[in-house]
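Chemist:
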Amino acid sequence: MKFMEKVSKRLAFKILKEVFLRNGNLRIKDKSKVEKFGSQKYKQGFEVRLVAKDEAELERIQTAISCLDLYVAKTYLKGNQIVQPIYGEEIARKFEKIKRKKDLSS
């Protein structure tokens with residue numbers, strides 16, 4: 123995996139935010155389902171899904187993730203889209219706030 127130059131954490135988060143607001147998805151773990159079904163049956167966690175337009179944008183996204191000291195998870199294809207997931211509660215909660223602000227302004 124070839125990364126571009128490192129960028130500041132502020133710029134890195136801005137890059138991810140722009141991609142997320144364009145067409146990102148968010149999954150927040152449902153604690154009530156964990157209590158109901160147990161952690162072995164309900165395995166859904168915290169995930170931010172960013173969809174890249176092309177390989178160049180995917181590289182920018184991966185560089186931004188790396189600059190935020192987050193793990194660059196395996197990219198996958200969904201239909202014709204390149205999806206870069208980011209896992210973790212802390213980052214998912216940040217994007218949840220962004221999504222809430224977007225929904226309120228719509």
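When you line the sequence shown up against the working numbering, it's residues 123 to 228, in that order. Glycine is no exception: its CB is placed at the ideal position from the N, C-alpha and C atoms. Treat the numbers as computed from the prediction; the structure is a model and nothing was measured.
How would you call Q166, buried or exposed, if buried means at least 16 neighbouring beta carbons within 10 angstroms?
Modeler: Within the sequence shown, the letter at position 44 stands for residue 166. It counts as exposed.
Chemist: Rounding to the nearest angstrom, what Cα-Cα distance links K136 and S130 in this structure?
Modeler: Sequence index remark: in the sequence shown, residue 136 carries index 14 (1-based). Sequence index remark: in the sequence shown, residue 130 carries index 8 (1-based). The alpha-carbon atoms of K136 and S130 are separated by roughly 10 Å.
Chemist: Give the DSSP-derived three-state secondary structure of V173 in the structure shown.
Modeler: For this step, residue 173 is matched to residue 51 along the sequence shown. Correct three-state label for V173: strand.
Chemist: Please classify I213: does DSSP put it in a helix, a strand, or coil?
Modeler: Looking up residue 213 in the sequence shown gives position 91. DSSP places I213 in helix when its eight states are reduced to three.
Chemist: If we count the other Cβ atoms within 10 Å of its Cβ and call it buried at 16 or more, is K200 buried or exposed?
Modeler: Position 78 of the sequence shown holds residue 200. With fewer than 16 neighbouring CB atoms inside 10 Å of its own CB, K200 falls in the exposed class.
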